[in-house]
Amino acid sequence: GSHLTIVPYPGFRVSVTNLSRSGKFTQYFSSEVTPESYENEFAPARTFTFYEDIKPLLDQGLIKGGSLENAVVIRGDEVLSKEPMRFENEFARHKALDLVGDLMLSGKRITG
Numbered sequence: 088g089s090h091l092t093i094v095p096y097p098g099f100r101v102s103v104t105n106l107s108r109s110g111k112f113t114q115y116f117s118s119e120v121t122p123e124s125y126e127n128e129f130a131p132a133r134t135f136t137f138y139e140d141i142k143p144l145l146d147q148g149l150i151k152g153g154s155l156e157n158a159v160v161i162r163g164d165e166v167l168s169k170e171p172m173r174f175e176n177e178f179a180r181h182k183a184l185d186l187v188g189d190l191m192l193s194g195k196r197i198t199g
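Numbered per the working numbering, the sequence shown spans residues 88 to 199.
Encoded structure:
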């Protein structure tokens with residue numbers, strides 16, 4: 088499951104701890120959210136998934152847009168990707184990217 092905590096803060100900061108199944112890929116990321124940090128620290132983080140979650144979909148030919156160029160697949164203790172991880176904590180950064188996107192859908196300015 089997921090847990091979200093919102094606390095008063097004078098700006099807009101997102102902190103994410105991403106817990107992995109085995110613990111090997113547990114990661115933390117925290118950053119102020121600004122146009123510059125969004126472009127450089129959040130947006131480059133690729134989506135990720137577990138091989139066992141997508142294997143049935145691959146077998147049925149249902150995954151058309153995903154590839155190892157635009158996503159990272161975790162298979163056991165191995166990371167499958169066409170390129171190296173962009174950040175040591177890329178998975179947590181992508182979760183932060185998702186959270187910022189969800190918060191922006193509220194249509195409200197988020198500060199303090």
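Glycine residues also receive a C-beta, built at the ideal position from the N, C-alpha and C atoms.
Only a predicted model underlies this, so the values are computations on that prediction, with no experimental measurement involved.
Specify, as a first and last residue, the run of the alpha helix (DSSP H) that residue i falls within.
i            : result
tyrosine 138 : 138-146
alanine 179  : 177-191
By Cβ distance, which residues of its chain are closer than 6 Å to residue i, with the 5 residues on each side in sequence left out?
i            : result
alanine 130  : none
alanine 158  : Arg133 and Thr134
serine 117   : Ser102
arginine 100 : Glu119
Between which two residues does the beta strand (DSSP E) containing residue i stretch?
i             : result
valine 159    : 158-162
glutamate 166 : This sequence places valine at residue 166; glutamate is not what is there. 165-167 is the span of the beta strand (DSSP E), which, as asked, contains valine 166.
threonine 104 : 100-105
glutamate 119 : 114-119
For residue i, which beta-bridge partners are listed by DSSP?
i                 : result
phenylalanine 135 : Val159
Counting C-beta neighbours from all protein chains within 10 Å, is the total for residue i 16 or more, i.e. buried, or is it exposed?
i              : result
isoleucine 93  : exposed
histidine 181  : buried
asparagine 176 : buried
leucine 184    : buried
Looking only at its chain, what residues have a beta carbon closer than 7 Å to the beta carbon of residue i, apart from the 5 residues adjacent to it on each side?
i            : result
arginine 162 : Tyr138
leucine 106  : Thr113
Considering only residues of the same chain and omitting the five flanking positions on each side of residue i, which have a CB-CB separation below 8 Å?
i          : result
valine 160 : Phe135, Thr136, Phe137, Tyr138, Ile141, Val166, Leu167 and Ser168
query = Taking contact to mean at least 3 C-beta pairs separated by less than 8 Å, is the stretch 150-166 in contact with the stretch 185-193?
reply = no
query = Touching or not, the stretch 141-148 and the stretch 118-127, by the rule of three or more beta carbon pairs under 8 Å?
reply = no
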